[in-house]
Structures are given as structure tokens and as C-alpha cells.
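Since the structure comes first, as C-alpha cells, the remarks are kept for the end.
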């Protein structure tokens, strides 16, 4: 059963995505910001995939991706983003890709898009 | 491979002669040297392919960075527009704030006027009745002042202030959001560029590592030199001895040719052994993949 760390400052989105992932048999851990997510990994949380929002306070998604890659170079990361007034979706996703994200998922997304991204990101 | 003039005592039978041993050893040396040359060529090819592959990777990385920076530049113009708008907002806020003291001053002066008038009225109220007319006139004037202040013009002014305050409050929130976005924009830009530049740097380091294989190839070729030189000396010595064979057969010389040929065979065998030993002392870069992570080979010869 693949284990996934879900990092997003939006509690409602976390809950929704958590339920969608659980329906597919994934074991999900949550973090409400990038700093907490990276700390969980640093403290030994073992996962097969990280899903992170890009635009978050405290630690943004680009930094999360870089820190995850430093800790676990082969751990895939899916970047999700909806963009903001000035931080467009395109910029967020471009930055995620350049920072090393394996997959990009623009918000809002449905179950099928989430499943496809998870399938593509998980090794094997 | 016996020679008709070979003075080796074993020449009469099928046993190899000293000359055979010498030639065999030299043939083996040639094979070993050719094998090393083949290896050098393979290393050179592998290195060239690796360089091409790494350069292509670097070109890909560099291209991605350029595309990103190009798009980020367009995005930064959006941010620049926001900064301009924020400057205008700040100027408006500043103008509003600048006129507040003047407005406060007018209010303060009016209150002071009211206070002074009330003081006068209080004095008049305590005075004899003949001042009643004056008192009434002053009260009427005061009422007029208050009416003027609370009249339509004054209401409009207060309403305008309220509207302006609400508008500026909205602008301030927008300003805060904009500053947050700008901060995050530059933080993310910096993170992505730093990360990518690190990857480029690692790629260039890898490229330099690959380029060092040229040095391995050079060393392999360099080590052939002394072996070839020793081989030439042996061949010259053997040729000299072979020239003596007719004279030996004719009994014109009593030189210990046989011993010398035996010595040459030993030298040839030693030459092969030394060459192989010497090659074994040097690290084969192909074995790098067999190392455990972090293991430092004692025989590494890159630079």
C-alpha cells in the first residue's frame, strides 16, 4: 500500500484529497505547511510519494521540493497549485518543474487527474 | 619454432628453444600491449560518448533554465505593474494621511471656539438680566456655527472621508496581498534557480570527471613506451646473436651464445611479467562501478 505525504495549507482541500487517496488504498499523512511536512520526513516518516501545494506560507512548495530531494533524491513529488492574483498557475508549475517535481497538477482537479498523476509519479 | 642454426641443445628435438621462449614472450608482450591499447581506445570511446551525453544533458538543463527565466521575466513584468500600482496606492494613502492633521486642526479649532463661546455664555447667564439680549444673540450665533458644521456640506465631507477610508482599506489589503505574492514570487524564483544552477554545476563537475579519462588513456599509452624500448633492446640483442650463429656453426667463435639466448628468454619473460605487474598497479577506471559508495580506491590514477 503506497504511503503518501500530503502538504497543503488548505484544510478542506487536504481532507478532500486525503479521502480520494484513501479510496484508492493509499495511506496518507498530512502536513499543514511545508515546514511541518519536511520536518516529518526528516524525523523519519517513510513515504513513497509527496504531494505538495506550491503557494503556502512559512515554506513554499519550491522549497519543499528541494528539501525533499535533498533528503530522498528519488522520492517523487507531485506539485499542486491553483495560482494567485500575481503568482500565476503557469509560474507556480514552471517553478515546481524546475525545482524537480515529477508531476504537476493544476487546481482544481478531479479524482481521475489525481489518480493519473499518482500512477505516473509512483515508481513501477 | 626451432631455427636450423639454433645452438640450443634441445634444438634437435621438438622442445622449444631459448629463442622460441624469447619470441613467445615478446609475442605475449605485444598481445598485452595491444590489449591495453584496445582498452585505451574503448575508454576513449566510452569517455567521448559520456561527454556527448553529459553535454546534451547540460544543454537540456540550460535550455529549461532559459525557458523558465524567459517566462519568469514576463511574470516579473506583472509584478512590476503591481509594484507601480502599489506605489500609486501608497501615494494615495500618503495624501489622505497628510490632510488628516489639517482636518484635525480645523476640528480642534472649532471645538476650541465652542468651548470659548460656552465659557462666555456661562458668564453671561450669571450676569444681570440686561445682558439677556446679548446672551440670546450669542446662542443664536453658536447654533448657526453648529448647524453649519452639521449641515449638508459637512455631512458630504464626512461621508466622503468614510468612503475614502473604505476604499483605502481595500487598497491596503490588496497591497498586503501583493507584497505577499511578490515575496513568494522572488523566494520561489530564487529557490528554483538555485536548485537548477546546482544541478548545472553538478553536471559540469561530472563532465570534468569524464574528461579526466583522457588522462588515463594517456598514461596507458605512456607506459607502453618503456616496454617497447626494452623490447627493442631485446630484439637488437637477439639479432646480434643470430648474426653470430653461422660463425658459431663454422667453429669460428666460442662465445656462450646459448647462455646469452637463455638470458634473453629470461629477460623477455621478466619484461612481460614487469609490464603486467606495472599495469596491475594502476587503477582501471572501468572498476569504478564496482566500488561500494564512498569507497576510495588506492590505485585511482585520475590526475
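Residue numbers (this note's numbering), protein chains in the order written: chain H, 44 to 167; chain F, 9 to 311. Think of the CB as a built atom: it goes at the ideal place given N, C-alpha and C, for glycine as much as any other residue.
- When CB distances to chain H are screened at a threshold of 8 Å, the residues of the stretch 79-93 of chain F falling below it are 79, 80, 83, 86, 87 and 90, in chain order.
- At a cut-off of 7 Å, the C-beta of residue 122(H) has no neighbouring C-beta in chain F.
- With distances taken between CA atoms, residue 100(H) lies nearest to 191(F) out of 191(F), 285(F) and 213(F).
- Between the alpha carbons of residue 50(F) and residue 243(F) lies a gap of roughly 30 Å.
- The count of Cβ pairs closer than 8 Å, one atom from the stretch 197-208 of chain F and one from the stretch 266-273 of chain F, stays below three, leaving the stretches out of contact.
- Assignment of beta-bridge partners to residue 96(H) by DSSP yields 123(H).
- Taking 8 Å as the upper bound for CB-CB distance, residue 48(F) and residue 225(F) are in contact here, some 5 Å apart.
- Under the 10 Å beta carbon count, residue 119(H) is surrounded by 16 or more other beta carbons and is classified as buried.
- The beta carbon of residue 51(H) lies closer than 6 Å to those of 57 and 96 in the same chain, with the five residues before and after it left out.
- Shortest Cα-Cα distance from residue 68(H) to any of 75(H), 60(H) and 74(H) involves 60(H).
- From the listed residues 159(H), 90(H), 85(H) and 102(H), the smallest Cα separation to residue 78(H) is found for 102(H).
- The C-alpha of residue 175(F) lies about 29 Å from the C-alpha of residue 154(F).
- The beta carbons of residue 129(F) and residue 139(F) sit no closer together than 7 Å.
- Annotated three-state conformation of residue 36(F) is helix, per DSSP.
- Within the stretch 99-114 of chain H, the residues whose Cβ lies closer than 9 Å to any Cβ of chain F are, in chain order, 99, 100, 103, 104, 105, 106, 108, 109 and 112.
- For residue 210(F), the closest Cβ of chain H is not nearer than 7 Å.
- Taking the CA atoms as reference points, residue 218(F) sits about 14 Å from residue 66(F).
- Following the DSSP letters along the chain, one finds residue 70(H) inside the beta strand (DSSP E) bounded by residues 70-74.
- Within the stretch 123-143 of chain H, contact with chain F at the beta-carbon level (separation under 9 Å) is assigned to 127, 128, 129, 130, 131, 133, 134, 135, 137, 138, 139, 140, 141, 142 and 143.
- Cβ neighbours of residue 150(H) within its own chain (closer than 7 Å, five residues either side excluded): 123, 124 and 125.
- Cβ-Cβ separation between residue 196(F) and residue 131(H): approximately 12 Å, too far for a contact (criterion under 8 Å).
- Residue environment: residue 106(H) is assigned as buried (16 or more neighbouring CB atoms within 10 Å of its CB, all protein chains considered).
- Judged by their CB atoms, residue 76(H) and residue 46(H) are not nearer to each other than the 7 Å cut-off.
- Within chain H, no residue has its CB atom less than 8 Å from the CB of residue 74(F), the nearest being about 11 Å off.
- Under the Cβ criterion of 7 Å, residue 199(F) is counted among the residues facing chain H.
- In the structure shown, residue 234(F) falls within a helical segment according to DSSP collapsed to helix, strand and coil.
- Residue 117(H) counts as exposed, since fewer than 16 other C-beta atoms from the protein chains shown sit within 10 angstroms of its C-beta.
- With a cut-off of 8 Å on Cβ pairs, the stretch 247-261 of chain F is not in contact with the stretch 78-94 of chain F, counting fewer than three such pairs.
- Contact annotation: residue 66(H) and residue 76(F) have beta-carbon atoms that are not nearer than 7 Å.
- For residue 289(F), the enclosing alpha helix (DSSP H) begins and ends at 265-289.
- For residue 186(F), the residues of chain H that pass the 7 Å Cβ criterion are 129, in the order they occur in the chain.
- Residues of chain H with a Cβ closer than 7 Å to the Cβ of residue 96(F) do not exist, since the nearest Cβ in that chain sits about 16 Å away.
- Assignment of beta-bridge partners to residue 146(H) by DSSP yields 121(H).
- Taking the beta carbon of residue 203(F) as reference, the chain H residues within 9 Å of it are 105, 108, 109, 112, 141, 142 and 143, listed in sequence order.
- Here residue 71(F) is exposed, its C-beta having fewer than 16 other C-beta atoms within 10 Å.
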